[in-house]
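Residue numbers (this note's numbering): 20 to 299.
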């Protein structure tokens with residue numbers, strides 16, 4: 020907890036420690052889709068025996084065949100299916116189905132419950148949570164062809180960004196970055212990558228605290244090292260850590276969790292295939 024803070028005090032200064040993970044070793048996790056199962060529900064390989072001291076970060080590629088998409092869609096509620104159908108762009112439609120279906124499958128596996136029966140709610144700040152399972156936390160982000168899902172037994176935020184070559188980010192920076200961050204981008208040998216790294220850190224942090232970016236980010240510094248920020252601005256009296264990493268060539272990801280816990284982060288690549296009566 021930040022210096023001089025109390026549980027009800029949202030006006031103190033807290034620390035946000037930002038670091039980069041140089042090398043990510045993605046562990047392949049097979050996901051079995053059994054077409055013959057009446058429920059069409061999916062089974063995922065056990066990971067770390069659901070150790071509560073671990074943070075699990077899953078990456079899922081959205082380029083899947085129609086059989087896989089149908090199996091994910093079978094897990095959705097009627098409201099979720101209706102929401103998916105409101106997307107006019109097919110890629111957005113499919114990505115929502117894969118994202119929500121994957122989230123249901125992963126949470127069902129971790130909690131040992133039916134994924135189709137899970138009920139999602141939102142906090143006043145619109146951060147999703149799982150009804151009846153307050154112990155587990157999750158966060159989802161997507162960009163381009165990739166989805167990131169973070170699962171932990173403490174608040175967590177994740178973000179993924181596609182680094183768009185030639186993107187003119189100067190107008191965005193003017194009202195979302197601190198002076199130190201503006202200078203860091205200006206002096207960087209890779210200004211586009213530096214912009215996306217800082218922006219993604221802010222997104223992950225504010226998703227983790229539940230504050231969201233609607234109230235602005237211009238006073239929240241997310242440069243490498245320890246950054247002193249207002250607990251009011253981020254909506255938390257705890258110190259936080261944000262870890263940056265490469266998801267895939269051209270994509271940057273970030274994880275935000277409380278700095279009070281030194282947890283192992285498992286980076287897991289979901290490998291999906293539609294099979295009949297078997298597993299990968």
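Heads up, the beta-carbon is just placed ideally off N, CA and C, and yes, glycines get one too.
As the structure is a computational prediction, the values presented were derived from the model and not from experiment.
{"Query": "Residues of its chain near residue 254, where Cβ-Cβ distance is below 7 angstroms and the 5 sequence neighbours each way are ignored", "Result": "228, 229, 230"}
{"Query": "8 angstroms Cβ cutoff met for residue 155 and residue 170", "Result": "yes"}
{"Query": "Residues that DSSP places opposite residue 283 in a beta bridge", "Result": "73"}
{"Query": "Own chain, CB closer than 6 angstroms to residue 289, minus 5 neighbours either side, in chain order", "Result": "48, 50, 77, 79"}
{"Query": "Cβ contact (3+ pairs, closer than 8 angstroms) linking the stretch 181-190 and the stretch 134-145", "Result": "no"}
{"Query": "Boundaries (first-last residue) of the beta strand (DSSP E) holding residue 147", "Result": "147-149"}
{"Query": "Among 280, 270, 43, nearest to residue 257 - alpha-carbon criterion", "Result": "280"}
{"Query": "Backbone CA spacing between residue 33 and residue 226 [nearest angstrom]", "Result": "17 angstroms"}
{"Query": "Buried or exposed (CB count within 10 angstroms, at least 16 for buried), residue 113", "Result": "buried"}
{"Query": "Beta-carbon proximity of residue 278 to residue 36, cut-off 8 angstroms", "Result": "yes"}
{"Query": "Counted within 10 angstroms of its Cβ, other Cβ atoms place residue 194 as buried (16 or more) or exposed", "Result": "exposed"}
{"Query": "Whole beta strand (DSSP E) elements within the stretch 216-270, 3-residue minimum", "Result": "244-249, 259-267"}
{"Query": "Burial state of residue 145, where buried means 16 or more other Cβ atoms lie within 10 Å", "Result": "exposed"}
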